[in-house]
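*Asks:*
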Amino acid sequence: MIEIVNLKKSFGTTEVIKDISTTIQKGEIITIIGPSGTGKSTFLRCLNLLEEPSGGDIIFEGQSLTDKKANLNETRKRMGMVFQNFNLFSHMSVLDNLCVGQKKLRHVKKETAEKVAHALLETVGLAEKADSWPDELSGGQKQRVAIARCLSMNPDIMLFDEPTSALDPTMIGEVSAVIKRLAKDGMTMVIVTHEMEFAKNISTRIIYMDEGSIYEEGPPDIIFNQPAREKTRNFIRNIKTFQYAPQSKHFDFIELTNDLLNFCEAADLSRSNSNKAALLCEELVVNLIDKEDFRHMHFDFPDDQAAFTFVITYGGANRDVTQTGGMPSDIVKGISKEMKHTYTTENTLTLKW
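Numbering (my numbering), first residue to last: 30 to 382.
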């Protein structure tokens with residue numbers, strides 16, 4: 030469907046995309062992952078020339094998009110794009126958001142456009158929101174409307190630029206469910222995402238980008254479980270690890286807990302294990318360790334989620350805070366199946382369950 034040949038993109042003297050060549054086949058679901066700032070979104074935007082390449086070519090269904098004779102408006106009808114910030118028209122109702130492109134670009138009659146719009150709103154679970162305004166919707170609902178609007182143009186392929194990054198964790202699932210339904214229906218998709226469990230479950234191929242290039246690509250089970258190259262291995266290892274080091278004794282514990290729970294949500298952990306991690310964090314950091322002694326927290330788990338490791342480092346004299354007695358200590362012991370305390374220059378408490 031799409032052939033990318035020696036694609037390059039620079040902003041001034043900064044080279045963002047460095048000589049990428051790959052193909053996208055009909056029916057593929059490709060997710061693009063990698064560290065922030067590696068050119069993932071720029072690469073995606075180059076595919077439909079929202080960003081004009083500095084070099085190379087993009088051939089879509091046999092047509093070179095960099096050819097000056099290329100009809101980009103026609104191409105963009107067939108290559109839909111969903112943005113992270115929704116880009117809905119705030120002065121239009123939900124129904125009108127879905128109809129405007131059909132009427133102006135596809136020259137569909139109003140009655141037909143509205144029929145298509147209602148059917149698509151039903152598909153994304155928002156049939157009752159046709160007459161609502163975008164400002165009346167939650168973030169997840171706005172993104173589902175944006176997906177329906179994209180589908181209203183009957184595209185051959187859909188491009189998603191971080192479709193869940195602007196959403197609260199509770200809303201990510203509803204958008205992911207719609208995208209999974211599109212995958213089941215055979216829609217060709219390219220998705221830039223930081224949601225690794227989502228990428229693992231939906232993709233036919235993963236592209237890992239680093240420093241503007243495709244560093245490694247392959248099936249999800251290979252990229253996530255047996256990556257061949259060092260940077261990919263480090264990235265996969267890090268996304269399964271939560272770490273926190275306070276900058277001062279006045280750190281924000283509420284923010285710490287929220288970040289930990291967001292990590293658990295993104296890692297698709299069960300509510301039980303998420304609650305255990307949050308409870309250990311609270312009992313240790315708030316009730317058992319002096320704030321000024323707290324140094325570092327580390328939480329990780331293996332691929333099969335068969336065991337969880339929670340490590341906390343704190344200063345002060347050689348002491349195992351779980352031996353102090355009382356309810357906080359009992360809670361920590363009740364969660365942990367294995368406990369180990371060590372001391373060199375600082376205390377390290379390792380808990381497993």
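We treat Cβ as the ideally placed atom computed from N, Cα and C, and that holds for glycine.
None of these values were measured; they are calculated from a predicted model.
Taking the C-alpha atoms as reference points, what is the distance between Gly168 and Leu127?
*Replies:* So the alpha carbons of these two residues sit roughly 17 Å apart.
*Asks:* Between the C-alpha atoms of Phe253 and Tyr244, what's the straight-line distance to the nearest angstrom?
*Replies:* Near 14 Å, if we compare the C-alpha coordinates of Tyr244 and Phe253.
*Asks:* Assign Asn347 to buried or exposed, taking buried as 16 or more other Cβ atoms, counted over all protein chains shown, within 10 Å of its Cβ.
*Replies:* Under this definition Asn347 is an exposed residue.
*Asks:* Note down the Cα distance separating Pro256 from Ile236, rounded to an integer number of angstroms.
*Replies:* Whole-angstrom Cα-Cα distance: 11 Å.
*Asks:* Going along the chain, which unbroken runs of the beta strand (DSSP E) with 3 or more residues stay wholly within the region 220-304?
*Replies:* Here the runs fully enclosed are 234-239, 242-247, 270-273.
*Asks:* Do you know offhand how far Thr60's Cα is from Phe189's?
*Replies:* The alpha-carbon atoms of Thr60 and Phe189 are separated by roughly 9 Å.
*Asks:* Less than 8 Å between the beta carbons of Ile220 and Pro192, yes or no?
*Replies:* Contact flag set, yes.
*Asks:* Cβ of Gly344 within 8 Å of Cβ of Glu375?
*Replies:* Closer than 8 Å, so yes.
*Asks:* How many Å lie between Arg258 and Pro248 at the Cα?
*Replies:* The alpha-carbon atoms of Arg258 and Pro248 are separated by roughly 14 Å.
*Asks:* Could you check if Pro331 is buried or exposed, using at least 16 other CB atoms within 10 Å of its CB as the buried criterion?
*Replies:* Label assigned to Pro331: exposed.
*Asks:* Checking 8 Å against the spacing of the C-beta atoms, do Glu240 and Thr67 come in under that value?
*Replies:* Yes; because the gap between Cβ atoms is below 8 Å, this pair is in contact.
*Asks:* Taking the alpha helix (DSSP H) that His147 belongs to, which residues open and close that run?
*Replies:* Looking at the DSSP string, the run of the alpha helix (DSSP H) that includes His147 is 139-152.
*Asks:* In the DSSP assignment, the beta strand (DSSP E) including Pro111 goes from what residue to what residue?
*Replies:* According to the sequence displayed, residue 111 carries Val and not Pro. Looking at the DSSP string, the run of the beta strand (DSSP E) that includes Val111 is 108-111.
*Asks:* Run through DSSP, which three-state label would Ser93 get?
*Replies:* Looking at Ser93 - three-state DSSP - the assignment turns out to be strand.
*Asks:* Where are the alpha helix (DSSP H) runs, 4 residues long or more, that stay fully inside the region 325-381, in chain order?
*Replies:* You should have 356-364.
*Asks:* Nearest-angstrom Cα distance between Ser357 and Leu317?
*Replies:* Just to set this straight, residue 357 is Pro in the shown sequence, not Ser. Using only the alpha carbons, I get a separation of about 7 Å.
*Asks:* Which residue from Leu150, Ala274, Gly202, Asp214 puts its Cα closest to that of Asp322?
*Replies:* Ranking Leu150, Ala274, Gly202, Asp214 by Cα distance to Asp322 puts Ala274 first.
*Asks:* Report all residues from its chain with a CB closer than 8 Å to the CB of Asp125; omit the five preceding and five following residues, and keep chain order.
*Replies:* If we look at Asp125 and ignore the five residues flanking it on each side, its Cβ neighbours are Phe118.
*Asks:* Would you call the region 82-101 in contact with the region 37-48, where contact means no fewer than 3 C-beta pairs closer than 8 Å?
*Replies:* The region 82-101 vs the region 37-48: in contact.
*Asks:* Specify whether the region 134-142 and the region 153-164 touch according to this definition: at least 3 beta carbon pairs, one from each stretch, less than 8 Å apart.
*Replies:* Contact fails: fewer than three Cβ-Cβ distances are below 8 Å.
*Asks:* What is the rounded straight-line gap between the Cα of Lys381 and the Cα of Lys320?
*Replies:* For Lys381 and Lys320, the distance between alpha carbons rounds to 23 Å.
*Asks:* From Asn77 to Ala146, what does the alpha carbon distance come to, in whole angstroms?
*Replies:* Roughly 24 Å between the two C-alpha positions.
*Asks:* Could you tell me the distance, in whole angstroms, from the CA atom of Ser50 to the CA atom of Phe89?
*Replies:* So the two alpha carbons sit approximately 14 Å from each other.
*Asks:* Can you say whether Arg178 is buried or exposed, counting buried as having 16 or more other CB atoms within 10 angstroms of its CB?
*Replies:* It counts as buried.
*Asks:* Spell out the partners DSSP gives Met218 in its beta bridges.
*Replies:* According to DSSP, which records beta bridges pairwise, Met218 is partnered with Ile58, Met187.
*Asks:* From the DSSP output, read off the bridge partner residues of Phe40.
*Replies:* According to DSSP, which records beta bridges pairwise, Phe40 is partnered with Thr43.
*Asks:* Buried or exposed, going by whether 16 or more other CB atoms sit within 10 Å of the CB of Gly63?
*Replies:* Looking at its Cβ environment, which holds 16 or more other Cβ atoms inside 10 Å, Gly63 is buried.
*Asks:* Does the beta-carbon distance from Met238 to Ile186 come in below 8 Å?
*Replies:* No; because the gap between Cβ atoms is not below 8 Å, this pair is not in contact.
*Asks:* Look up Phe72 in the DSSP assignment and say whether it is helix, strand or coil.
*Replies:* Three-state result, Phe72: helix.
*Asks:* Using beta-carbon positions only, say whether Arg173 and Val129 come within less than 8 Å of one another.
*Replies:* Not in contact: Arg173 and Val129 (Cβ atoms no closer than 8 Å).
*Asks:* My understanding is that Asp359 touches Leu378, with C-beta atoms under 8 Å, so please give their C-beta distance in whole angstroms.
*Replies:* With a Cβ gap of about 15 Å, Asp359 and Leu378 do not count as contacting.
*Asks:* Can you tell me which residues form a DSSP beta bridge with Ile87?
*Replies:* Ile33.
*Asks:* Can you check which of these residues, Met121, Thr351, Ser365, is closest to Asn302 by C-alpha distance?
*Replies:* Nearest C-alpha to Asn302: Ser365.
*Asks:* Look at Asn114 and Ala195 and say whether their C-beta atoms are less than 8 Å apart.
*Replies:* A contact, by the Cβ cut-off of 8 Å.
*Asks:* Could you work out which residue in Asp333, Met216, Leu134, Asn263 is closest to Ser299 when comparing CA atoms only?
*Replies:* Taking only the C-alpha atoms, the option nearest Ser299 is Asp333.
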